[in-house]
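J.:
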Amino acid sequence: MPGLEDLYREIILDHYRNPRNRGELESPPAQRVEGFNPLCGDEIVVYLELDDDERISDIRIGGQGCSISQSSASMMSAAVKGHTVAEVGDLTRAFKGMMSIHESSLGGESTEPEDLPDVKLGDLEALRGVVKFPVRIKCATLAWNTLAQAIDEASA
Amino acid sequence: MPGLEDLYREIILDHYRNPRNRGELESPPAQRVEGFNPLCGDEIVVYLELDDDERISDIRIGGQGCSISQSSASMMSAAVKGHTVAEVGDLTRAFKGMMSIHESSLGGESTEPEDLPDVKLGDLEALRGVVKFPVRIKCATLAWNTLAQAIDEASA
Amino acid sequence: MALTSPLDAERIRADFPLLGREVHGKPIIYLDSAATSQKPNAVLDAMDLYYRTINSNVHRGVYQIAEQATNELEAAREKVRAFINASSVAEVIFTKNATESLNLLVQSWGRANLVEGDVVLLSHMEHHANIVPWHMLVAERGIQLRWIPLTADGQLDLTDLDALVEGAKVLSVTAMSNVLGTINSVRTLTDAARAVGAISIIDGCQSVPHTSTDVQALGADFLAFSGHKLLGPTGIGVLWGREELLAEMPPFIGGGEMIRDVRLDGFTCNDLPWKFEAGTPAIAEIIGLGAAIDYLSAIGIDNVRAHERMLTEYTLRTLSMRFGDDIVIHGPTEPEHRGGVFSFAFKDLHPHDISQVLDEHAVCVRAGHHCAKPLMKLMGVGATARASVYLYNTTADIDALGDALEAAGSFFAF
Amino acid sequence: MALTSPLDAERIRADFPLLGREVHGKPIIYLDSAATSQKPNAVLDAMDLYYRTINSNVHRGVYQIAEQATNELEAAREKVRAFINASSVAEVIFTKNATESLNLLVQSWGRANLVEGDVVLLSHMEHHANIVPWHMLVAERGIQLRWIPLTADGQLDLTDLDALVEGAKVLSVTAMSNVLGTINSVRTLTDAARAVGAISIIDGCQSVPHTSTDVQALGADFLAFSGHKLLGPTGIGVLWGREELLAEMPPFIGGGEMIRDVRLDGFTCNDLPWKFEAGTPAIAEIIGLGAAIDYLSAIGIDNVRAHERMLTEYTLRTLSMRFGDDIVIHGPTEPEHRGGVFSFAFKDLHPHDISQVLDEHAVCVRAGHHCAKPLMKLMGVGATARASVYLYNTTADIDALGDALEAAGSFFAF
Ligand SMILES: Cc1ncc(COP(=O)(O)O)c(C=O)c1O
Ligand SMILES: Cc1ncc(COP(=O)(O)O)c(C=O)c1O
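Taken in sequence, the protein lines are chains Y, P, L and D.
Going letter by letter, the first sequence gives residues 15 to 170 in this note's numbering.
Going letter by letter, the second sequence gives residues 15 to 170 in this note's numbering.
Going letter by letter, the third sequence gives residues 47 to 460 in this note's numbering.
Going letter by letter, the fourth sequence gives residues 47 to 460 in this note's numbering.
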């Protein structure tokens, strides 16, 4: 049986206590998108700036939620800043792949392991334990879904 | 356990085979009212003529249905013809009283035995067995409910 | 000619507790599965287990039993998806019964898309559930209803289909009649609808439990059916719809579960399928339906159909042989064109009286208009008696029906 | 001060099979009855017995088991009538849940009676089920919503009630908050509504299971509640309404059972209550609800309230004593003004994280917005943790909650 330690790794709690890139960006020019977890009320606001090379030049995170959703958002912001939209797409797929086991059964798109891009997840690996707590997967993926929407809207 | 003989008395089958007052009256002047048993599809059409003394001067029965609904209508027509609206009201209450045991539990008005008018039911007594077959009570009372409506409309 | 079935009905019967009971001192002969089916132990046990071990509200709880309940509910949705071969669980919406599924369509899709004068094509053999909701929209919107007529042997008369469907916005028909047993050529109908740009809705209440269903091959846009006729519990129905259409539709019932956000000044909807599932779902019933589908799938729905085809042939043959002109079985004469639903007239007896005598012999058949009054009118009757079979019925049940009919004939012999 | 209860909760617990199970190797502590209650054996057995012995479709069958099923269904309706003291069974309508009951009102009564600009008065503590259906009517009709504000301790602020209700056509409020536990003075509200000619709708989801309800004394026109919070099964809800109003209302869902006659060109409605019950009813669930009411009535609903009042006092006292300023329990401070629902903030922990740790200790509480997002916003939080009790909970359960909270505090101690 998975224990609490599998879920709440030290690094997660660290990001929860000391969230990176917390704040706002003026919008416009930044893209501002809100994401909701309709079932539990978690909210993430992503502020995003893309430069002319489709690179994330700046990102800020607002909103409120549990340790998993907030730390996931914090780690995400650190991982994507300075990267191109294409790189972030790979990272997102890799992250969702790590989370996909149960999401697929809830109707989300499932990603077959073979298709996963070969990307280093770094700190984000710490969230692997979340898959053992299926209800919390939506907490971990909320920031990523919101980011994807922000990128879509910023590139549109 | 009640047997079929309790339900299908000889006199009931006789009225079913040879229905009394079957037919139509021209309307107007006659009052014509249709009654439905919404659950099984039985239909009764009552044609009614009241004279100036509020007496049923003529009555005819149309429609189709099972032996219970048709024989009940036939017996009813014979029992009420020539009687005043007031007398018919007493007869109706007495008949419904005989049937009331289960109807009350289905939301119909129940009539307490003490309140029942002291009326001779005659042939109609044969329908007493119906109360042991609660689903069929609505068959037996359909004609009476339709008659009550016809009287209401004719006196209005 | 020997009739064969791939099923061992005797073994199957042992799974259905009610079939072991007696009525009036005689073993019950249940011939009313078109009204509602009996339930196998597997279904009752699944619901009981849910209540005894993981009962809790779904989709919102972080604790273990709530998570298990959510998983089981969503697993049942996946079972339904697979059973009808829908392309995604987003297309499988749980309702309380097929009637609600059809009303949801009329009130959500219909109100959003139909205006005065728009034509909806129904058939003369529809159940009230596929008539009354449209009548309500007629009253509200002034849409128009057209009716596909029937042939003398109770099949859809498609001679003028092109003219009938011309200009229609919606086609809504049953895949199988609950009165006549007629199996309709759904694909012909949905093709005709698509050709004129109409959406098509299939009432699968009588077909989904008895024949294999592939919504992607059906060519339809929506399908409605009930759990209780499919070995499942009461209180649960399904609406399948194509995702593109469902995504565009406004919500039907509003409340918890179906929202993404609610503010004082408005709300936004949740994703499919939850957008159409307001309030606490019928959790135990959904899990029970999942168990029913598991049970049916293990037996094989094609085997069920084959078994019922055999029973149909046996019934048509035996009853005509025994009663000759005294019995008229409505609907198609070819077993190929019909399911195991037999509406009949017997001598000049009223269906209620027949059913009453049959009950004395523990034979359960339905008598009435079967929620198809327009069809009754067309047939020129007020009611019919109806016997209907399912995987647990045997030729012995049909023999018992014959015996009881004989008794009814004698009882009322004038 | 010693706290006393008229109930022997230990004996009662033995009737609830789920309460005997273990989670993560520890006996389960179920503190989420505001979401859904556990079910006693009597309820599960009643449904099981129905399915095993008399399962059949109701209202139309002439055979014995169909007649018994019909009788049991209608007997359950009578039990509901008596439980809420309605004047007639015609006023008791079965729905799938309280959410459907409220939507039925909005869509049937609302559409028939409200026009652009008409005012509906809600409160800031409503559940989404009593908000979203009105938002839908706002979008469709341009009606206006007004909101009764709350006091700092989570009670309705009725200071300006007269001004708020002035010109309103409808008042629709909850009798008890599912977040704050607040018990509202329903009679004050319904009197104010009647004085201005507005109808009043009461959401009884949280009140009917826990306190005695007399609809004739309530002064309301409609009451909605769900079976699954009342020891009953999922898939069943109730709408009570005054007969004069129900009789005038157009139908909501159309189909079988709710009609008197159906023709190609229209239909007429059946009598109350069936006019609002289209399709095959949730037969087993209705019977299960009847059994739940029998069970509650045997114990005495006033005893249930007294027991929960005792638990409320114990909870408020114990948690404050143990955690001082580390815990904030939202809602009224006086046990007299609240039911056994405790939303709380604990240290700076997020409700999800609290609930996750509590689950490790087999303590089941809810974390989230509780389908009351406008209230969350007003409280300035995104979510709360919520523990809620019922007749089967004991002071030991509250102690276990305290222990688990302590563990959560240590686990996240930074
Ligand atoms: C106050 C209140 N109203 C309405 C509801 C909705 O009930 P249901 O989900 O059973 O329809 C609930 C419960 O979730 C509630 O607590
Ligand atoms: C063809 C058909 N359509 C619709 C229905 C309605 O199903 P339900 O009463 O379960 O909503 C039925 C069964 O009664 C049916 O046979």
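Glycine included, C-beta positions come from ideal geometry on N, C-alpha and C.
This structure is a prediction, so every number in the text was calculated from the model and none was measured.
#1: Just checking: is the beta-carbon of D:D468 within a distance shorter than 8 Å of some beta-carbon in chain P?
#2: Between which two residues does the beta strand (DSSP E) carrying D:W193 extend?
#3: Is L:I208 near ligand 1 - that is, is its Cβ less than 7 Å away from at least one heavy atom of it?
#4: Any idea what DSSP makes of P:S119, helix, strand or coil?
#5: Consult DSSP for L:G227 and reduce its assignment to one of helix, strand or coil.
#6: Have a look at the DSSP bridge pairing and note the partners of L:F313.
#7: Count the CB pairs spanning the stretch 435 to 447 of chain L and the stretch 72 to 79 of chain L that are closer than 8 Å, and state whether there are at least three.
#8: Less than 6 Å between C-beta atoms, sequence neighbours within five positions excluded: which residues of the same chain meet that for P:I58?
#9: Does the stretch 419 to 438 of chain D come into contact with the stretch 210 to 217 of chain D, if we say contact requires no fewer than three beta-carbon pairs (one atom in each stretch) closer than 8 Å?
#10: Would you mind stating whether P:V13 and P:I75 have Cβ atoms separated by less than 8 Å?
#11: Taking 8 Å as the cut-off, decide whether the C-beta atoms of L:G302 and D:T280 are in contact.
#12: Taking 7 Å as the cut-off, is the CB of L:G325 close to at least one heavy atom of ligand 1?
#13: If you drop the 5 nearest sequence neighbours on each side, which residues of the same chain put their C-beta closer than 7 Å to that of D:A442?
#14: Against chain D, with Cβ distances strictly below 8 Å, would L:Y341 count as a contact?
#15: Identify whether D:C410 lies in helix, strand or coil by the three-state DSSP scheme.
#16: Does the beta carbon of L:Q153 fall short of 7 Å from some heavy atom of ligand 4?
#17: Given a cut-off of 8 Å on the beta-carbon distance, is the pair L:H396 and P:C80 in contact?
#18: Grab the span of the beta strand (DSSP E) containing L:L95 for me, first residue to last.
#19: So L:I282 and L:E331 are in contact, right, with Cβ under 8 Å, and what is the actual spacing, rounded?
#20: I'd like to confirm something about D:G283: is its beta-carbon nearer than 7 Å to some heavy atom of ligand 1, or not?
#21: Using a Cβ-Cβ cut-off of less than 7 Å, give me the residues of the stretch 135 to 150 of chain Y that come near chain L, in sequence order.
#22: At a cut-off of 7 Å, is L:A266 close to ligand 2 when judged by its beta-carbon and the heavy atoms of the ligand?
#23: Following a CB-centred definition, is L:N230 positioned closer than 7 Å to any heavy atom of ligand 2?
#24: Take D:V232 as the anchor and find which of D:A244, D:V216, D:P255, D:A263 has the nearest alpha-carbon.
#25: Does the beta carbon of D:V308 sit closer than 8 Å to a beta carbon anywhere in chain L?
#26: So, with DSSP's three-state summary, where would you put L:P397?
#27: Given Y:E117, which residues of its chain have a CB within under 6 Å of its CB, disregarding the five upstream and five downstream residues?
#28: I'd like to know whether the C-beta atoms of L:Q201 and L:T220 end up nearer to each other than 8 Å.
#29: Please work out which residues of its chain come closer than 6 Å, Cβ to Cβ, to Y:S91, disregarding the five sequence neighbours upstream and downstream, and give them in chain order.
#30: Please list the partners that L:D449 has in chain P, where partner means a Cβ-to-Cβ separation under 8 Å.
#31: Classify L:A60 as helix, strand or coil using the three-state DSSP reduction.
#32: Since L:I333 contacts L:A122 with CB under 8 Å, what's their CB separation in whole angstroms?
#33: Just to check my reading of the structure: Y:Q45 and Y:A164 have Cβ atoms closer than 8 Å, yes? What is that Cβ distance to the nearest angstrom?
#34: One question on the structure: do L:G107 and D:D399 come within less than 8 Å of each other, judged by their Cβ atoms?
#35: Please determine whether the Cβ atom of L:D249 lies at a distance below 7 Å from any heavy atom of ligand 2.
#36: Heavy atom of ligand 1 less than 7 Å from the Cβ of D:T145, yes or no?
T.: Here's the rundown:
#1: Because chain D spans 47 through 460 in this model, residue 468 of chain D falls outside it and cannot be assessed.
#2: 190 to 194
#3: As written in the sequence, residue 208 of chain L is Asp, which differs from the Ile given in the question. Outside the cutoff, so no.
#4: Below a pLDDT of 50, predicted positions are generally treated as unreliable, and P:S119, at 40, falls in that range; no measurement from the model is reported.
#5: coil
#6: L:V308
#7: yes
#8: G49, G77, A87, L156, A157, T160.
#9: no
#10: Any property of residue 13 of chain P remains undetermined from this structure, which presents chain P solely from 15 to 170.
#11: no
#12: yes
#13: none
#14: For L:Y341, not one C-beta of chain D is nearer than 8 Å to its own C-beta.
#15: strand
#16: As for ligand 4, it is missing from this structure, which binds only ligand 1 and ligand 2.
#17: yes
#18: No beta strand (DSSP E) holds L:L95; the alpha helix (DSSP H) holding it covers 87 to 95.
#19: 4 Å
#20: yes
#21: P148, V149
#22: no
#23: no
#24: Nearest to D:V232 by alpha-carbon distance, out of D:A244, D:V216, D:P255, D:A263, is D:A263.
#25: yes
#26: Assigned with DSSP and collapsed to three states, L:P397 falls in helix.
#27: Residue confidence is low: Y:E117 scores 40 on pLDDT, short of 50, so the model does not pin down where it sits. Its coordinate-derived value is still stated next. Closer than 6 Å at Cβ, skipping near neighbours: I151.
#28: no
#29: Same-chain partners within the cutoff: R34, N35, I73, I75.
#30: Simply none; closest approach about 15 Å.
#31: coil
#32: 5 Å
#33: 5 Å
#34: no
#35: yes
#36: yes
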